[in-house]
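Here is the structure we will look at.
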Amino acid sequence: MDRQATRAGTAATSLAWSMTPRLWAEHKQLPAARRPHRRSVRTPRRDRSLGTGHARASARRHPPFRIAKEHVVSVIEAFRRTPGLAPLPDHGESIEHQLAALHALQHEHPMWSCRLLTAFAQGALSRDDIRHVFSQYHCYTSSFTRFIAAVMASCDNDLFRAQLAQNLWEEGGGCEPARRHAQIFRNFLRDSLGIADVAQIAYAPHTRHFVREYLAQSQSADPVASAAFLAIGTEGIVSRMYTMMRTGLVRAGIAESELEFFDIHIACDDDHAVTLENMMMSYAGQPGWFDTCAAAMRRALDLRMEFFDSVFEDLQRARIHPIVLRMQARESLAHGRRDAELCHRPGGATIAMYDNEVARLNIKFTVERLPLAAEVLDPRMVRIPPGKFNEKHKHAHETLIHILEGSGQVLIDDRVLPVGPGDSILVPRWAMHQTQNLGSTAMRFLAVTDFRLSQRALVGDATDYRMNADIDASRRH
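Reading the sequence shown from the start, the letters are residues 14 to 490 in our numbering.
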């Protein structure tokens with residue numbers, strides 16, 4: 014190898030390990046003869062004394078992995094373009110380099126920022142939302158042993174087949190089939206989400222496509238591709254993904270004692286991942302190994318992201334669909350309504366919605382909801398004492414403000430609009446705004462929003478724009 018190639022190889026190796034400093038430090042501390050050939054995807058241990066995959070109490074939380082995308086690309090390109098990089102003299106270091114790059118690509122895949130996982134992490138899903146998500150996900154969990162069996166069938170190594178058979182045994186509950194993971198998930202659907210009979214679940218076409226493609230990829234004749242598909246593309250993401258989901262489940266009011274399925278997969282070092290990654294690494298000497306593994310992993314993550322995006326769109330359609338149907342029906346919604354639901358007079362009953370007082374920000378105001386029977390519009394009465402402001406905030410719904418009493422100004426992004434009695438102001442969606450009472454008397458204004466539409470269309474809009482929780486916070490549950 015010439016001097017230029019040596020410098021390039023050294024730079025590529027250094028850059029790869031700069032992405033994973035803990036892994037590099039551990040690797041360098043060991044004598045060369047004892048350096049491990051592979052790294053486990055997840056490290057907490059499993060208590061296998063019962064053979065049923067029960068997780069120990071200590072659960073590990075995965076912080077998001079952050080690395081600049083251009084660094085990942087440069088590592089891969091450096092690996093491919095550097096003459097004579099494999100093998101480097103330091104006992105298989107180049108294979109560790111490739112594995113580190115694969116893990117970096119996994120952690121940076123756009124699936125982690127998809128709308129569904131973001132909604133889980135933010136706690137923005139209602140119990141009804143979660144019921145739909147996991148009713149569809151049941152098709153996947155109930156098929157998981159088929160994926161392992163498919164990889165096992167393509168494996169030409171009897172030791173790996175034996176280890177995969179052991180994993181299948183544990184996935185199936187060992188000596189207690191009632192404790193199989195698929196059944197634990199069904200118990201969650203029944204006890205926590207009220208889905209008594211999974212046979213009655215209507216799987217969407219995109220759900221069936223997801224599972225069908227997952228099985229087809231697992232049945233690949235190339236054992237490298239099938240092992241990588243399930244190792245770093247599937248098992249290697251479970252702990253981080255289920256941690257995000259668990260956050261949303263707890264925020265939706267589901268008791269932590271009912272989350273056994275998720276706790277098992279978050280806490281344990283899944284033998285599936287260990288076996289599959291060892292199997293994948295055993296082929297590392299083959300030409301094109303890195304590209305095959307990267308493509309298989311990317312396919313697994315792409316399929317899951319497509320599925321999650323489709324399920325999220327299901328949620329939005331399901332929320333808005335009843336309103337659309339009533340529009341299309343062309344029937345009056347005034348039938349059967351009381352006069353008080355259609356007409357509100359001064360001094361009439363209101364619903365206390367929100368109030369806040371923060372002296373250092375000069376904030377003091379109250380918001381009351383008018384109890385009118387609207388499907389989309391949400392009329393509110395806002396009161397601000399003399400010299401005080403409401404919160405500076407923004408939200409998905411648009412708002413029409415009509416000043417009834419008092420004077421001051423409304424801030425909308427970088428605009429300042431003076432207002433007085435009789436003035437009307439439109440606050441567009443997501444515009445940062447604040448109303449300030451600059452007069453010597455109380456300010457009172459009517460704010461009419463389309464909140465009842467936006468809270469359906471935008472998952473999580475109900476509570477995330479106020480300084481504190483308002484009356485709508487409980488509606489997610």
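Yeah, the Cβ is synthetic: ideal placement off N, Cα and C, and Gly gets one too.
Here S420 is near G433, since their CB atoms are less than 8 Å apart. For E184, the enclosing alpha helix (DSSP H) begins and ends at 171–184. Between the alpha carbons of Q230 and T363 lies a gap of roughly 58 Å. Per DSSP, the unbroken alpha helix (DSSP H) holding R312 starts and ends at 302–342. C127 counts as buried, since at least 16 other C-beta atoms from the protein chains shown sit within 10 angstroms of its C-beta. Among the bridge pairs identified by DSSP, L439 is matched with L413. Bounds of the alpha helix (DSSP H) holding F198 are 194–206. In this structure, the CA atom of I336 is about 15 Å from the CA atom of D391. Nearest to M254 by alpha-carbon distance, out of I267, A265, H278, is H278.
The residue among A162, T288, R203, P359 with its C-alpha nearest the C-alpha of Q176 is T288. In this structure R457 is in contact with L417, their Cβ atoms being roughly 5 Å apart against a cut-off of 8 Å. Between the alpha carbons of E344 and L262 lies a gap of roughly 38 Å. In this structure, the alpha-carbon of S148 lies about 20 Å from that of E184.
Using a C-beta cut-off of 8 Å, the stretch 322–341 makes no contact with the stretch 240–250, since fewer than three inter-stretch Cβ pairs fall below that distance. With 16 or more other CB atoms across the displayed protein chains lying within 10 angstroms of its CB, N450 is buried.
The C-beta distance from T305 to D235 rounds to 7 Å, short enough to meet the 8 Å contact threshold. The three-state reading of DSSP puts H219 in helix, counting H, G and I together.
It is roughly 51 Å from the alpha-carbon of A162 to the alpha-carbon of E388. Distance between A365 and V380, taken at the CA atoms: about 7 Å. CA-CA distance, A217 to V461, rounds to 37 Å. Counting of Cβ neighbours within 10 angstroms places D142 among the buried residues, the total reaching 16 or more.
Under the three-state reduction of DSSP output, N481 falls in the coil class, being neither helix nor strand. In the assembly as shown, M445 is an exposed residue. Its beta-carbon has fewer than 16 other beta-carbons within 10 Å. Between the C-alpha atoms of Q468 and D368 there is a straight-line separation of about 20 Å. Going by DSSP, I161 is part of the alpha helix (DSSP H) stretching over 157–167.
For A134, the enclosing alpha helix (DSSP H) stretches over residues 128–135. G419 sits in coil when the DSSP states are folded into three classes, being neither helix nor strand. Going by DSSP, E248 is part of no beta strand (DSSP E) at all; its letter is neither H nor E. By the criterion of a C-beta distance shorter than 8 Å, R479 is surrounded in its chain by Y367, N369, E404, H406, once the five residues flanking it on both sides are discounted. Judged by beta-carbon spacing, M292 lies within the 8 Å limit of F173, meaning their Cβ atoms are closer than that value. Ranked by Cα distance from H222, the first of R159, E319, F201 is E319.
In the three-state scheme derived from DSSP, where H, G and I count as helix and E and B as strand, I108 is classed as helix. Nearest Cα to S270 within the set D204, L243, A308: D204.
The stretch 340–377 contains no complete alpha helix (DSSP H) run of 4 or more residues.
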